[in-house]
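Asks:
2 protein chains.
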Amino acid sequence: MATIKDIANRLGISVSTVSKGLNGANDISEELRQIVLDTAVEMGYTTKRMKKDANKKLCVFIENMDFEQPDQFGYEIILGFKQAAYRDNWDVTILPVTPAFQQTERYDTYMLKNGFSGAFLVGFALQDAWMLQLASTNIPTVLFDNYIKQNLNVCYIGTDNFEGIDLAVDYAYSLGHKRIAFLNGSPNSMVSDQRLQAFISSMKAHALMLDKDLIAQGHYVADSAKYHVPKFLAAGATAILCGNDLLAYGTIEECRLHGLCVPEDISVIGFDDLPSSCTTIPPLTTIRQDRIELGKSGYYTLVSLLHHVSISRTLLRPQLIIRESTSPTINKKIIKKITKKESTIL
Amino acid sequence: MATIKDIANRLGISVSTVSKGLNGANDISEELRQIVLDTAVEMGYTTKRMKKDANKKLCVFIENMDFEQPDQFGYEIILGFKQAAYRDNWDVTILPVTPAFQQTERYDTYMLKNGFSGAFLVGFALQDAWMLQLASTNIPTVLFDNYIKQNLNVCYIGTDNFEGIDLAVDYAYSLGHKRIAFLNGSPNSMVSDQRLQAFISSMKAHALMLDKDLIAQGHYVADSAKYHVPKFLAAGATAILCGNDLLAYGTIEECRLHGLCVPEDISVIGFDDLPSSCTTIPPLTTIRQDRIELGKSGYYTLVSLLHHVSISRTLLRPQLIIRESTSPTINKKIIKKITKKESTIL
């Protein structure tokens, strides 16, 4: 377990300042105190003073998503939720679940039996047993990236996919791209549906032609790219927008296998901004989902539900992160012209 | 100004219990304490103890919306915001503004000069000077029923219009209605656009035919109904869904002028659930926007922005309120059959 000294070293402040932050002293700023507390939560540091009220318990259920390592998609979502909840003295249990586990007991029964006041469900599939039960649950429940109709106790939080895809199309357009392909992720997913609709409406808003040969549905894994990218290249795509970063990694690789350079010959844009996306070759231009903020919003939204404020959905702003997997189409023309000129001279 | 005794009388509890609630005593429940505080805020009661920190100031700007009286749309939105903000010791200023006022000073300048940390903007029009400036404001700002693209400091909150309209169509459908008309409110409004899209997609989802003679765009006032309802009646509408309750009041009146009884001959559904909608003749079936919750969510969302959690939108659940302006179509057929039978017998 981390010590006070570890926290002090990480933040570059004195042990006594860390101690003040942990103990709620008045002579350090509120902002610094929050940073100390957030870091303590992140590093797994606990003291008696940080122990939670026995009767204030929340649960995060997680399925189909890796979260143990800092470079995995779920890690910061869980961390953000815990950081925000600990400030309000909630005890938070993280519980990975399987479809089989959901068959053992009804959701409401499990929650009541274990004394949880509310839950945050991350990574569930629409056909999961517990998801089906959420249509009528009485337990305040926040879903990451899933929506349940009409139940006042359930809320959907996520990133605004419409704004995210529009940011990507808008950026590609600003670079001169007109033949923009979209490699979507897994079917039967609300998020995939939203991103596809967003792509269609953003292309229309930019007066760009929609071409069915430039739209494909794969799965949210790198390997999926090889089944669809060749078709995009044959159809003259100059930019490929991907449903997540893993698909973008696969797309860059697939372009390379076809003898194309990213971004000189073709631009690639991801979605998520995984930690590894700044170290790919080339570093990936992508749409960032701020996972710490998603986790915190999951908590704040759950607090609203606990106060009987029935939020239907809370969507966060995505951000365009410009790196090196994208370049203007105009450059290529200039290069070609220059090359032509040079060869003429030669 | 209200006294402690007024609060006690309103809540039907003793003066000493009110006093305990106001002074944060430990021997009353947290729930009762909140009710006492909320009522004190509503009745305008203040004590020194309730005075706010001088440096914690928020502002609610309101335009194009009545809010002074309890039966007006804006009243509870403002009240909910204040109730939630006062719990966290914020001082809240309510400021009605005009387009002319917005020309006197830039939004950011006004906010900084007056020491406001953030604001909640209610009832603004998209073409207002301050709305245009919000694309690049640095001030945490929550908009009621308006959306600004891509600025991390601005958030949209409102009721989920898609779910609201779907609830109304779904209910009319469950009563046997197939010729459902939609009388929308003012054009150039994001909310009107959303409700129209929602109507189209909900009709499609229910496999009901869309007929251009059953869709019209008026304004959010009762008087607007007379220009559109006759067309709906001529086109065989059996139910009319309205963009707000005022339009529904006008629609009921217009049907009456055409010799039709609501709900026996035609069903009418509103949107908002204004306080007066339970005393109309007949009492109005409508889609409820919980305005206290909207106000509270406006505050909670603003807190998130102040904590640099960039929420794009927060939408609340609407609720279907079934009263007496709607009835099953099947009844009419039965009544007609019975009448026919009776007349045959006679």
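Chains as they are written, first to last, in my numbering: chain A, 134 to 479; chain B, 134 to 479. From the three backbone atoms N, C-alpha and C, an ideal C-beta is built for every residue, glycine too.
1. Under 8 Å Cβ to Cβ from Asn142 of chain B, same chain only, skipping five residues before and after it: list those, please.
2. For Ala349 of chain B, which of helix, strand or coil comes out of DSSP?
3. Measure the CB-CB distance between Ala367 of chain A and Thr384 of chain A and report whether it falls below 8 Å.
4. Does any CB atom of chain B fall closer than 8 Å to the CB of Ser445 of chain A?
5. Which chain A residues sit within Cβ distance under 7 Å of Arg164 of chain B?
6. So for Gln235 of chain B, helix, strand or coil by DSSP?
7. Rounded to whole angstroms, how far is the Cβ of Cys375 of chain B from the Cβ of Ala381 of chain B, which I believe are closer than 8 Å?
8. Who does Ala252 of chain A pair with in a DSSP beta bridge?
9. Check the Cβ of Val442 of chain B against every Cβ in chain A and list those closer than 8 Å, keeping chain order.
10. Which chain A residues are close to Ser437 of chain B, counting only those with a beta carbon under 7 Å from its beta carbon?
11. Whose CA, out of B:Tyr360, B:His310, B:Leu449, B:Asn197, lies closest to the CA of Ala370 of chain B?
12. Name, in chain order, the residues that DSSP records as bridge partners for Ser400 of chain B.
13. Is Pro229 of chain A helix, strand or coil when you go by DSSP?
14. Please check if any C-beta of chain A sits within less than 8 Å of the C-beta of Asp293 of chain B.
15. Within 8 Å (strictly less), CB to CB, does Gln330 of chain A reach chain B?
16. Under 7 Å Cβ-Cβ, which residues of chain B neighbour Leu285 of chain A?
17. From Lys466 of chain B to Leu393 of chain B, what does the alpha carbon distance come to, in whole angstroms?
18. Using only CA atoms, which one of A:Gln422, A:His440, A:Asp423 lies nearest to Ser430 of chain B?
19. Just grab the DSSP bridge partners of Cys480 of chain A for me.
20. In this structure, does DSSP put Asp261 of chain B in helix, strand or coil?
21. Give the straight-line distance between the Cα atoms of Ala338 of chain A and Asn156 of chain B, rounded to the nearest whole angstrom.
22. For chain A, find out if any of its Cβ atoms is closer than 8 Å to the Cβ of Lys282 of chain B; answer yes or no.
23. Look at the alpha carbon of Glu209 of chain B and the alpha carbon of Ala173 of chain B, and state the distance between them as a whole number of angstroms.
24. Between B:Lys189, B:Asp293, B:Arg220, which lies nearest to Ile166 of chain B when the distance is taken from Cα to Cα?
25. Measuring alpha carbon to alpha carbon, tell me which of A:Met342, A:Ala340, A:Leu341, A:Phe332 ends up nearest Gln350 of chain A.
26. Would you call Val343 of chain A buried or exposed, if buried means 16 or more other Cβ atoms sit within 10 Å of its Cβ?
27. Please tell me whether Ala372 of chain A and Ile420 of chain A are closer than 8 Å, where the distance is taken between their beta carbons.
28. Does any C-beta atom of chain A lie closer than 8 Å to the C-beta of Glu296 of chain B?
29. Can you confirm whether the segment 393–402 of chain B touches the segment 147–162 of chain B when touching is taken to mean that 3 or more C-beta pairs between the two stretches lie within less than 8 Å?
30. What does the Cβ neighbour count give for Ile471 of chain A, buried or exposed, with the cut at 16 atoms within 10 Å?
31. Tell me the DSSP secondary structure of Gly318 of chain B in three-state form.
32. Could you pull the start and end residues of the alpha helix (DSSP H) that Val324 of chain A belongs to?
Replies: A quick look at the data gives this:
1. none
2. Strand at Ala349 of chain B.
3. Taking the C-beta atoms as reference points, Thr384 of chain A is found no nearer than 8 Å to Ala367 of chain A.
4. yes
5. A quick correction: the sequence has Glu, not Arg, at residue 164 of chain B. What Glu164 of chain B touches in chain A: nothing, since even the nearest Cβ is about 11 Å away.
6. helix
7. Yes, they are in contact, since the Cβ atoms of Cys375 of chain B and Ala381 of chain B sit about 4 Å apart, within 8 Å.
8. A:Cys192, A:Thr274
9. Glu426, Lys429, Ser430, Tyr433, Leu449
10. Using a Cβ-Cβ cut-off of 7 Å, Ser437 of chain B is close to Ser430, Tyr433 of chain A, given in chain order.
11. B:His310
12. B:Ala372
13. Here Pro229 of chain A carries a strand assignment [DSSP, helix/strand/coil].
14. Put simply, the CB of Asp293 of chain B is near chain A, with a gap under 8 Å to one of its CB atoms.
15. At a cut-off of 8 Å, the C-beta of Gln330 of chain A has no neighbouring C-beta in chain B.
16. Arg450
17. Its pLDDT being 48, under 50, Lys466 of chain B is placed unreliably in this model, and the value from its coordinates should be taken loosely. Those two C-alpha atoms are separated by around 16 Å.
18. A:His440
19. Outside the shown range of chain A, which is 134 to 479, sits residue 480 of chain A, and nothing can be said about it.
20. Of the three classes helix, strand and coil, the one that applies to Asp261 of chain B here is coil, per DSSP.
21. 56 Å
22. yes
23. 15 Å
24. The sequence as given places Arg at residue 166 of chain B; Ile does not occur at that position. Out of B:Lys189, B:Asp293, B:Arg220, B:Arg220 has the C-alpha closest to the C-alpha of Arg166 of chain B.
25. A:Phe332
26. One detail in the question is off: residue 343 of chain A reads as Leu in this sequence, not Val. Classification of Leu343 of chain A: exposed, given that the 10 Å Cβ count is below 16.
27. no
28. yes
29. no
30. Because the pLDDT at Ile471 of chain A is just 46, under 50, the model does not fix this residue reliably, and the point stays unresolved.
31. Coil, per DSSP.
32. Its alpha helix (DSSP H) spans residues 323–338.
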